[in-house]
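Have a look at the structure below, then the notes.
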Amino acid sequence: MLMNLKYKIVLLALICSTSVLAKDVLVGYVFEDLNANGVMDAGEKGIGGILVSNQEDIVVTDISGKYEISTKKNQYIYVIKPANYAFATNVDNNWNFYVNVAQTNRTHNFGLTSKEVTSNFSTLMVGDPQMRGEKPINAFKEDIVTEMMHYDVDFACFLGDIADNDLSIYEQEKDIIRQLPYPTFHLFGNHDINEKASTALDASDVFKRSYGPDYYSFNEGDVHFIALNNVLYNGWNKTDNKRGNYFGGLTDRQFNWLKSDLKYVSKDKLIVIMSHIPFLQEYCYPQEIQRLFLLLEGRPHLLALSGHLHYIENCFFRKTTYWNSTVPFQSITIGAACGGWWTGPMDERDLPVSTSVDGSPNGYYKLDFEGNTYKYSFVPASHRTDFQMRITASSETLDSGKLNNEYLSINIFTATPDAAVKVIIDGREEQMATNYTGKDLFIQNTYDQRYNFDNWQPEIQETKHLWKISLPRDLSLGNHRIKVVATDIDGNEYVGYKIIEIK
80 MLMNLKYKIV LLALICSTSV LAKDVLVGYV FEDLNANGVM DAGEKGIGGI
130 LVSNQEDIVV TDISGKYEIS TKKNQYIYVI KPANYAFATN VDNNWNFYVN
180 VAQTNRTHNF GLTSKEVTSN FSTLMVGDPQ MRGEKPINAF KEDIVTEMMH
230 YDVDFACFLG DIADNDLSIY EQEKDIIRQL PYPTFHLFGN HDINEKASTA
280 LDASDVFKRS YGPDYYSFNE GDVHFIALNN VLYNGWNKTD NKRGNYFGGL
330 TDRQFNWLKS DLKYVSKDKL IVIMSHIPFL QEYCYPQEIQ RLFLLLEGRP
380 HLLALSGHLH YIENCFFRKT TYWNSTVPFQ SITIGAACGG WWTGPMDERD
430 LPVSTSVDGS PNGYYKLDFE GNTYKYSFVP ASHRTDFQMR ITASSETLDS
480 GKLNNEYLSI NIFTATPDAA VKVIIDGREE QMATNYTGKD LFIQNTYDQR
530 YNFDNWQPEI QETKHLWKIS LPRDLSLGNH RIKVVATDID GNEYVGYKII
580 EIK
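Residue numbering for the sequence shown follows my numbering, beginning at 80 and increasing consecutively.
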């Protein structure tokens with residue numbers, strides 16, 4: 080009798096244990112979806128060697144394509160796309176690469192379609208739509224998304240701050256974005272925070288319900304893309320009953336996932352780190368930058384892309400920014416789709432011109448990849464694509480008798496401070512302009528027009544992509560032709576013109 084009782088207890092424990100285990104795993108197959116219907120039909124085979132992640136662990140499918148991975152409440156499971164496969168897109172024109180465990184019966188199959196690996200491909204990178212209300216949503220649709228339709232790219236990425244704290248706009252944004260003729264995906268930004276969340280781990284829960292996991296990776300060509308959530312939210316401030324603070328960095332859970340992810344990436348691949356907040360000490364905890372950079376040291380091909388700042392900053396990480404390797408590591412903060420928060424004046428479409436706080440136009444970036452190399456170009460909204468600089472004279476009226484202190488200020492929107500900038504006046508011998516840090520003259524001269532839909536003026540920010548050259552004292556009365564040719568250290572060349580009048 081006693082033995083029977085012990086046997087029943089052990090059996091019950093095993094049953095309970097098995098039941099618990101079953102609730103803590105997701106199982107299924109990664110398969111080749113020959114008819115692209117998202118269902119593993121008869122005759123469709125699993126794919127071995129595919130990486131599957133739960134945002135913490137990474138497992139590899141077996142020879143039959145089967146995976147089994149641990150889960151937690153509200154956790155997202157996704158496939159790390161190999162370069163020789165593609166995902167189907169869902170109704171929102173996002174990749175079908177993830178599943179919310181809460182919406183499964185503990186089984187889920189991921190379909191991939193095979194494709195030829197191409198070393199050459201293109202993307203669009205868009206920062207900070209930052210929308211709240213119908214007018215910013217309409218401006219985003221007309222000024223940004225409509226123009227994006229002209230580009231033949233493989234995918235587009237929105238680098239966070241989709242919302243301006245009002246997370247109810249996500250469905251409207253998705254309804255606009257699904258009109259694009261290529262897949263899109265989104266990163267999490269500080270204005271996408273669920274402000275009532277208690278920790279950084281919960282801060283992205285509303286965002287994830289609309290857009291999927293808040294950090295992930297995938298492969299395209301010879302490039303490994305890593306999308307990070309580097310917004311560390313301190314949680315709702317219960318003492319003052321208000322939104323909590325945030326700063327840049329990664330949760331330990333995300334950092335451990337990143338370490339695992341990089342183990343599967345060969346060193347000949349270009350690694351593109353995408354985040355909302357730039358990994359610069361003004362915006363991220365120094366220890367967070369240091370541990371990320373230590374993880375990336377030894378990688379010969381690197382690029383960092385970010386948004387957040389509402390201005391463009393193109394630089395290379397150096398020892399002063401905690402990058403101790405001799406490998407060039409470029410950081411491009413791509414500006415904002417909303418520019419200076421959708422500020423006026425209004426154009427003939429009744430849309431705000433949205434000039435950014437560094438004097439650059441609002442817009443986005445196009446990146447072209449060839450193997451493990453890249454080229455980039457800034458796409459200014461509602462301007463010619465070759466509008467890459469603005470030349471401003473130091474005074475609105477240039478008096479022939481007072482040219483001693485007059486100069487030209489040249490804002491080259493996406494240039495690094497190391498660019499060589501030549502100025503030719505009336506075909507004279509070229510002169511070299513001097514780089515300086517300051518506030519753009521154009522945005523200062525027009526600041527009284529810079530109000531957004533909330534009747535708020537953003538503060539003008541200093542920028543490093545300015546150059547200055549003194550005007551010759553012997554310029555005669557009348558109009559004079561200015562030509563500027565800038566050559567950046569990465570080979571990009573920008574040309575601009577201006578006519579000035581001496582009175």
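For glycine and all other residues, C-beta sits at the position ideal for the given N, C-alpha and C.
In the structure shown, alanine 565 adopts extended strand secondary structure according to DSSP, grouped into three states. DSSP places leucine 388 in the coil class of the three-state scheme, outside both helix and strand. Note that the region 430-441 touches the region 539-549; at least 3 beta-carbon pairs, one per stretch, sit closer than 8 Å. Here the alpha carbons of proline 260 and aspartate 254 stand approximately 13 Å from one another. Pairwise C-beta distances place the region 381-388 in contact with the region 398-413, as three or more of them are shorter than 8 Å.
Non-local C-beta neighbours of valine 232 in its own chain, meaning closer than 6 Å and more than five positions away in sequence, comprise Ser201, Thr202, Leu203 and Tyr261, ordered along the chain.
In the structure shown, glutamine 360 falls within a coil segment according to DSSP collapsed to helix, strand and coil. At the C-beta level, isoleucine 503 and lysine 562 come within 7 Å of one another. Within the same chain, Phe532 come within 7 Å of glycine 212 by CB-CB distance, once the 5 residues on both sides are set aside. Annotation for arginine 288: the continuous alpha helix (DSSP H) segment containing it runs 284-290. Between phenylalanine 521 and leucine 388, the alpha-carbon positions lie close to 19 Å from each other. The secondary-structure analysis by DSSP pairs valine 118 with nothing; it has no beta-bridge partner.
Nearest C-alpha to glutamate 135 among Ala498, Leu373, Glu508 and Asp340: Asp340.
The count of Cβ pairs closer than 8 Å, one atom from the region 175-187 and one from the region 308-315, stays below three, leaving the stretches out of contact. The bridge partners DSSP lists for tryptophan 174 are Thr168. For tryptophan 402 against phenylalanine 372, the beta-carbon gap comes to about 5 Å, under 8 Å, which counts as contact. If you ignore the 5 residues before and after phenylalanine 110, its C-beta comes within less than 8 Å of the C-beta of Met119, Glu123, Lys124, Gly125, Ile126, Gly144, Asn188, Phe189, Gly190 and Leu191, all in its own chain and listed in chain order. For glutamate 367 against glycine 328, the beta-carbon gap comes to about 3 Å, under 8 Å, which counts as contact.
Distance check between tyrosine 295 and each of Met468, Val106, Ile156 and Phe234 places Ile156 closest, using alpha-carbon atoms only.
For the options His303, Trp420 and Ser247, the alpha carbon positioned closest to that of glycine 450 is the one of His303. Counting only the Cα atoms, valine 351 lies some 12 Å from valine 344.
Annotated three-state conformation of threonine 150 is coil, per DSSP.
Put simply, the backbone Cα of arginine 257 is about 47 Å away from that of tyrosine 486. The DSSP-derived three-state label of glycine 480 is helix. In this structure, DSSP gives histidine 270 a helical state, which the three-state scheme calls helix. Arginine 560 is bridged by DSSP to Ile578. Asparagine 308 sits in coil when the DSSP states are folded into three classes, being neither helix nor strand. For alanine 512, there is no enclosing beta strand (DSSP E), since its DSSP letter is neither H nor E. Collapsing the DSSP output to three states places arginine 322 in coil. Closest option to glutamate 299, judged by alpha-carbon separation, among Val196, Asp567 and Ala472: Val196. The straight-line gap separating the alpha-carbon atoms of phenylalanine 448 and threonine 566 is approximately 20 Å. The shortest CA-to-CA distance from alanine 416 to any of Lys398, Lys321 and Tyr390 is the one to Tyr390. Pairing leucine 238 with phenylalanine 466, the inter-Cα distance amounts to about 23 Å. Within the model, the alpha-carbon separation for glutamate 427 versus phenylalanine 219 is close to 16 Å.
For the set Asn309, Pro424, Met210 and Ser404, the Cα lying nearest the Cα of tyrosine 364 is the one of Asn309.
By the neighbour-count definition (other C-beta atoms within 10 Å, threshold 16), arginine 469 is a buried residue.
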